[in-house]
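What follows is one structure encoded as structure tokens, with my remarks underneath.
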Amino acid sequence: MSAVVCRSCAGAELAPILSLGEQPLANSYLRPEQAAQPEERFPLALVRCRNCQLVQITCTVPPEILFRDYLYLSSYSTTMLQHAESLVARLVAERTLSPRCLAVEVASNDGYLLQYYKRAGVPVLGIEPARNVAEIARGRGVDTISEFFGTELAERLRHDGVRADIIHAHNVLAHVADLNGFIAGFRLLLADDGVVVSESPYLGDFLRKLEFDTIYHEHLCYYSLTALTHLFARHGLVIEDCERIAIHGGSLRIFARHDRVAQTSPRVRALLDEERRLGFDRDEPYAQFAAGVERAKSTVVELVRKLRGEGHKVCAYGAAAKGTVLLNACGLGPDDIAFVCDKNPLKQGRLMPGVHIPIVAPTELLASDADHCLLLAWNIAAEIRREQAPWEARGGRFIVPIPTAQVLT
Ligand code: ZN
Numbered sequence: 181m182s183a184v185v186c187r188s189c190a191g192a193e194l195a196p197i198l199s200l201g202e203q204p205l206a207n208s209y210l211r212p213e214q215a216a217q218p219e220e221r222f223p224l225a226l227v228r229c230r231n232c233q234l235v236q237i238t239c240t241v242p243p244e245i246l247f248r249d250y251l252y253l254s255s256y257s258t259t260m261l262q263h264a265e266s267l268v269a270r271l272v273a274e275r276t277l278s279p280r281c282l283a284v285e286v287a288s289n290d291g292y293l294l295q296y297y298k299r300a301g302v303p304v305l306g307i308e309p310a311r312n313v314a315e316i317a318r319g320r321g322v323d324t325i326s327e328f329f330g331t332e333l334a335e336r337l338r339h340d341g342v343r344a345d346i347i348h349a350h351n352v353l354a355h356v357a358d359l360n361g362f363i364a365g366f367r368l369l370l371a372d373d374g375v376v377v378s379e380s381p382y383l384g385d386f387l388r389k390l391e392f393d394t395i396y397h398e399h400l401c402y403y404s405l406t407a408l409t410h411l412f413a414r415h416g417l418v419i420e421d422c423e424r425i426a427i428h429g430g431s432l433r434i435f436a437r438h439d440r441v442a443q444t445s446p447r448v449r450a451l452l453d454e455e456r457r458l459g460f461d462r463d464e465p466y467a468q469f470a471a472g473v474e475r476a477k478s479t480v481v482e483l484v485r486k487l488r489g490e491g492h493k494v495c496a497y498g499a500a501a502k503g504t505v506l507l508n509a510c511g512l513g514p515d516d517i518a519f520v521c522d523k524n525p526l527k528q529g530r531l532m533p534g535v536h537i538p539i540v541a542p543t544e545l546l547a548s549d550a551d552h553c554l555l556l557a558w559n560i561a562a563e564i565r566r567e568q569a570p571w572e573a574r575g576g577r578f579i580v581p582i583p584t585a586q587v588l589t
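Just so you know, we're using the numbering used here here: the sequence shown kicks off at 181 and counts up by one.
Okay, here's the thing in structure tokens:
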């Protein structure tokens with residue numbers, strides 16, 4: 181299960197960046213009766229390909245283990261929904277998408293994005309391997325195929341006459357083990373003048389903001405524009421344009437088209453230059469990142485233990501993968517953190533992987549005597565603070581864990 185060569189270019193020279201040791205699967209929330217059983221753990225080590233510069237983890241956990249009980253629903257975050265709605269409105273207008281077009285999303289989750297195309301009268305097709313999640317999408321009228329995307333499915337769809345005017349791939353490229361099969365699938369499915377719109381957490385933000393809690397087994401790759409350019413070019417697709425966006429702690433949105441029609445914007449050249457200037461193709465920025473992560477972990481632990489020592493009750497918010505990683509990497513357990521709030525009813529009543537902290541509904545926060553709350557879901561901090569305004573008004577204080585633990589006032 182360990183990668184010996186780069187997932188993108190098959191290069192064999194993988195430079196080590198950081199190891200988080202053996203970690204449980206970040207999204208395997210335990211039922212209380214599973215607490216006494218041993219949990220599966222897998223190595224979590226970050227490396228960089230010296231050939232194509234793709235930053236990736238070495239271990240590939242088989243998707244049937246990773247996604248067998250998938251509980252993440254995009255629609256539980258209003259931030260994600262607003263993001264999807266405004267992007268769709270913009271693309272429908274800019275690209276004059278009509279009822280004769282087709283919008284496809286790979287990893288379409290519960291139809292959170294495609295529902296807005298449907299509302300605008302543009303036909304949609306979702307591709308979502310998690311059966312329970314695909315079922316929810318169908319329930320809201322978003323036609324969804326429950327399979328893994330790749331060349332095989334793309335060929336079948338193409339054979340059936342399906343061609344996409346727009347293909348969305350949001351927060352999925354990071355999760356794909358067979359990267360080349362995936363991008364080759366885009367090429368097969370994309371109409372001649374169609375566009376691929378893809379968003380992934382951006383390596384530049386990851387390094388600068390010390391987002392080490394986004395390192396988990398599902399998250400195989402951490403993209404720079406440099407690495408994406410190599411990957412897409414290998415399959416006849418050119419990244420025409422790019423935008424840096426704030427979502428998920430800083431992401432990169434790219435627009436790619438067939439090489440025979442694509443025209444590269446100055447923004448693409450400027451970001452490639454910036455990546456070269458920042459040394460993304462050298463060891464230094466990664467060594468600085470690794471040292472920063474060690475410091476960040478100790479500041480979180482010191483702050484939480486200091487508060488506990490002073491008699492405060494500390495809880496956390498956001499039973500997402502990054503929460504699992506942060507708690508496990510810092511070694512914070514139920515003695516430090518009383519409970520973790522999360523809106524997703526499928527997670528409530530379960531335990532955080534590895535550290536076994538109980539997950540409860542967000543309404544429990546105001547009902548509890550907790551006076552500090554670690555914001556594990558820092559990417560939707562504003563949304564959570566709005567929701568929990570009465571708790572803050574009562575004197576409750578949120579703590580943002582990275583890049584340095586900080587109590588919000
Ligand atoms: Zn490579």
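Backbone N, C-alpha and C define an ideal beta-carbon position, used for all residues, glycine too. As the structure is a computational prediction, the values presented were derived from the model and not from experiment.
Practice item. May I ask you to check if the CB of G361 is nearer than 7 Å to at least one heavy atom of the ligand ZN? Key: no
Practice item. Could you name the residues whose beta carbon sits closer than 6 Å to any heavy atom belonging to the ligand ZN, keeping them in chain order? Key: C186, S188, C189, G191, C229, N231, C232 and L234
Exercise for review: Please confirm if the region 550-559 is in contact with the region 482-500, defined as three or more CB-CB distances below 8 Å between the two stretches.
Suggested key: yes
Exercise for review: Alpha carbon to alpha carbon, how far is A500 from R228? Give it in angstroms, no decimals.
Suggested key: 25 Å
**Study point:** Secondary structure of Q214, DSSP reduced to three states
**Key:** helix
**Study point:** At least 3 beta-carbon pairs within less than 8 Å: the region 295-314 vs the region 257-277
**Key:** yes
Check your understanding: What does DSSP give as the partner residues of H438 in its beta bridges?
Key -> L417
Exercise for review: Please work out which residues of its chain come closer than 8 Å, Cβ to Cβ, to K389, disregarding the five sequence neighbours upstream and downstream, and give them in chain order.
Suggested key: G429, G430, I582 and P583
Review point. Just how far apart, CA to CA, sit P525 and G513?
Key: 22 Å
Review point. Helix, strand or coil: how does DSSP classify D345 here?
Key: strand
Practice item. Determine the burial state of P538: buried for a count of at least 16 other Cβ atoms within 10 Å of its Cβ, exposed for fewer. Key: buried
Practice item. Tell me whether L282 sits in a helix, a strand or coil according to DSSP, three-state version. Key: coil
Check your understanding: Cβ of C521 within 8 Å of Cβ of L545?
Key -> yes
Review point. Exposed or buried, which one is P204 when buried takes at least 16 other CB atoms within 10 Å?
Key: buried
Point to revise | Buried/exposed call for D393, threshold 16 Cβ in 10 Å | key: buried
Review point. CA-CA distance, L333 and V356?
Key: 15 Å
**Study point:** Alpha-carbon spacing of E219 relative to G534, whole angstroms
**Key:** 7 Å
Exercise for review: Give the C-beta separation of C422 and V448 to the nearest angstrom, bearing in mind that I take them to be a contact with Cβ-Cβ under 8 Å.
Suggested key: 5 Å
Practice item. Tell me where the alpha helix (DSSP H) around E332 begins and ends. Key: T331 to H339
Point to revise | Minimum C-alpha distance to I363 - residue among Y382, N312, H410 and A264 | key: H410
Check your understanding: Nearest to L293 by CA position, among G341, P279 and I346, is which residue?
Key -> I346
Exercise for review: Inspect the CB distances between the region 367-385 and the region 311-327 and report whether three or more fall short of 8 Å.
Suggested key: no
Review point. For S188, is the classification buried or exposed, using 16 other Cβ atoms within 10 angstroms of its Cβ as the cut-off for buried?
Key: buried
Review point. Can you give the beta carbon distance from A436 to L417, rounded, assuming they're within the 8 Å contact cut?
Key: 5 Å
Check your understanding: Could you check where the alpha helix (DSSP H) with H552 kicks off and where it finishes?
Key -> It is not in any alpha helix (DSSP H) - H552 instead sits in the beta strand (DSSP E) that spans H552 to L555.
**Study point:** D358 to N231 span [Cα, whole Å]
**Key:** 18 Å
Practice item. Report the residue from D463, G306, I325 and A216 whose alpha carbon sits nearest the alpha carbon of V235. Key: D463
Point to revise | Limits of the unbroken alpha helix (DSSP H) element including Q262 | key: T258 to E274
**Study point:** Which listed residue (K502, G489 and L506) has its alpha carbon closest to that of D515
**Key:** G489
Exercise for review: Using beta-carbon positions only, say whether P405 and L353 come within less than 8 Å of one another.
Suggested key: Just to set this straight, residue 405 is Leu in the shown sequence, not Pro. No.
Review point. Can you give the beta carbon distance from S199 to L224, rounded, assuming they're within the 8 Å contact cut?
Key: 7 Å
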